[in-house]
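By our numbering, the letter at position 87 of the sequence shown is numbered 155, and the numbering carries on one by one without gaps. We put the CB at the ideal spot given by N, CA and C, even for glycine.
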Amino acid sequence: MKLATYRASVEASARLGIIAGDQIIDCEALGAALGEDFPATMLDLIDLGSAGLAVVQQALDEVDGDWPIGIAVPLSNVRLLAPIPRPRKNIFGIGLNYVEHVAESATTLDTSRELPDKPVVFTKPPTAVIGPGDAIQHNAAMTQQLDWEVELAVIIGSTASRVAADNAMAHVFGYSVMVDVSARDNRRAGQWIFSKGQDTYAPFGPVIVTADEIDDPHDLTLWLNVNGVEKQRSNTRHLLFDIPTLIADISTGMTLEPGDIIATGTPEGVGAGRDPQEWMWPGDVIECGVDGIGTLRNPVVAIGPVGQR
């Protein structure tokens with residue numbers, strides 16, 4: 069399934085939808101039409117686990133495109149939001165997880181040339197998340213080095229604590245796209261949270277594709293354009309630490325819970341690694357995607373210093 073969080077109008081509440089071709093089906097309304105109690109939000113659905121997904125899928129199969137009146141609307145008539153507009157806790161980010169990105173970072177960001185022997189983990193707060201079409205904020209008083217990083221996002225579907233890599237993929241609910249926006253000149257004593265965790269620094273979406281729809285998450289092309297010019301293109305087969313390894317490693321000391329998000333790292337081609345270096349500026353448009361999932365598009369806009377918007 070392709071799942072989305074959407075609004076039918078500016079005044080409407082956020083809803084859980086299932087994308088079917090050029091239409092979006094309201095999940096809760098579908099259940100009501102069939103006399104069932106279906107979830108209204110993405111987190112509610114994730115909490116139900118595989119059994120909940122199976123019930124929704126069975127309903128879709130039974131209806132088979134013959135939607136009850138008012139259940140389906142054209143996708144073009146709604147606004148997609150971040151699939152999980154406000155995660156329950158911090159997003160887990162992974163640094164230096166593509167070999168070529170390790171090399172370019174060592175040249176320009178004073179990181180080690182040696183490949184990490186364990187995943188490099190940092191976090192982004194829930195307030196960093198924005199959805200498709202939302203603006204990435206550029207505060208010139210704070211940064212002159214705003215950078216892009218396209219990543220495959222992994223959404224956890226069941227609690228994972230001290231899991232073995234061999235069993236890790238059973239805990240994956242689905243996949244999405246995330247941009248790890250980074251203010252390169254905002255690292256503090258080597259710490260990344262302020263560089264990567266500011267408001268709007270985690271564009272996320274446009275959908276979550278459930279794990280059963282992705283044959284091999286380690287063979288997906290990912291790419292990013294700035295103003296229509298390609299800056300990044302690679303494949304998840306080049307991940308230094310694969311998804312089972314990331315889940316196993318994080319869960320050794322931090323319990324992963326339903327709805328948690330792991331941004332798996334970015335390939336080469338970031339602005340900091342270019343010669344000359346390139347940065348995002350107000351007026352730029354960032355467009356990126358992962359094959360089989362979708363395309364995420366976000367403008368960059370200027371905001372004023374503290375006390376101004």
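In three-state terms, what does DSSP make of Thr227? coil
Presumed contact (8 Å Cβ cut-off) between Gly308 and Tyr166, rounded CB distance: Residue identity differs from the one stated: residue 308 is Leu in this sequence, not Gly. Confirmed, Cβ separation roughly 6 Å.
How big is the Cα-Cα spacing for Asp234 and Val146? 40 Å
Excluding five sequence neighbours on each side, which residues of the same chain lie with their C-beta closer than 6 Å to the C-beta of Val369? Ala203 and Pro350
Given a cut-off of 9 Å on the beta-carbon distance, is the pair Gly225 and Ala279 in contact? yes
Using a Cβ-Cβ cutoff of less than 8 Å, which residues in the same chain neighbour Asp352 once the five nearest sequence positions on both sides are dropped? Val294, Asn295, Pro367 and Val368
Own chain, CB closer than 8 Å to Pro194, minus 5 neighbours either side, in chain order: Arg154, Pro155, Arg156, Lys157, Asn158 and Ile159
Proximity below 9 Å, CB of Ser263 to CB of Ser319: no
Use the C-beta contact count for Ala119: other C-beta atoms within 10 angstroms, 16 or more gives buried, fewer gives exposed. exposed
Beta-carbon within less than 7 Å of Thr304's beta-carbon, same chain only, minus the 5 sequence neighbours each way: which residues are those? Leu220, Pro285, His286, Asp287, Leu288 and Leu290
Would you tell me roughly how many angstroms separate the C-alpha atoms of Gly163 and Met110, rounded to the nearest one? 27 Å
Continuous beta strand (DSSP E) stretch holding Asp94: start and end: Gln91 to Asp94
Just verifying my parser: in three-state terms, what is the DSSP assignment at Asn293? strand
Taking DSSP as the reference, what is the three-state secondary structure of Ser118? helix
Which of helix, strand or coil DSSP assigns to Ala209: coil
Around the Cβ of Ala209, are there at least 16 other Cβ atoms within 10 angstroms (buried) or fewer (exposed)? exposed
Integer Cβ distance of Pro187 from Leu314, believed to fall under 8 Å: 6 Å
Going by CA-CA distance only, name the one from Ala316, Ala72 and Pro274 that's closest to Cys95. Ala72
Quick one: what does DSSP say Pro194 is sitting in, helix, strand or coil? helix
For Asp253 versus Gln213, is the C-beta distance shorter than 9 Å? yes
Can we count Asp284 as close to the ligand GTP, meaning its CB is less than 8 Å from some heavy atom? The model on display carries no ligand, and the ligand GTP is accordingly not part of it.
Cutoff 6 Å; reference Thr268; Cβ partners in own chain excluding five residues on either side: Ile198, Ile204 and Gln205
Residues sharing a beta bridge with Tyr74, DSSP: Arg83 and Leu148
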